[in-house]
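Residue numbers (full-length UniProt numbering): 1 to 105.
By construction, the Cβ of each residue, glycine as well, lies at the ideal position given by its N, Cα and C atoms.
Here the structure comes first, spelled out in structure tokens, and everything after it is commentary.
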């Protein structure tokens, strides 16, 4: 294996771009990938899928947090509308308005 090939394997394994890879993992990958370009291509796909899965997990977490914040904002907006209507009209939503012309029976 050439140094360039090992460097390429390092880049594939360092999908988080931290500049670090566990030595055992690099050595095992080099031994495994000696089989040629086809195996190397498969390994690259596996690493890419692993990286995508991590990104999807991160996005899922972020979307859950956003969904929770939107629910909180919705509740705040509903409370604001109810308070504003009550302050402007004096109607709290519980009283039944009097019907015009109804007798007091």
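Counted within 10 angstroms of its Cβ, other Cβ atoms place residue i as buried (16 or more) or exposed
i, result
"residue 13", "buried"
"residue 2", "exposed"
"residue 49", "exposed"
"residue 33", "buried"
"residue 29", "buried"
"residue 42", "exposed"
"residue 66", "exposed"
Residue i, DSSP secondary structure in three states
i, result
"residue 14", "coil"
"residue 68", "helix"
"residue 40", "helix"
"residue 2", "coil"
"residue 50", "helix"
"residue 80", "helix"
"residue 63", "helix"
"residue 20", "coil"
Span of the alpha helix (DSSP H), counted from its first residue to its last, around residue i
i, result
"residue 29", "23-32"
Sequence-distant residues of the same chain with beta carbon closer than 7 Å to residue i, five excluded per side
i, result
"residue 25", "13"
"residue 38", "none"
Neighbourhood of residue i by C-beta distance below 8 Å, restricted to the same chain and skipping five residues each side
i, result
"residue 51", "15, 16"
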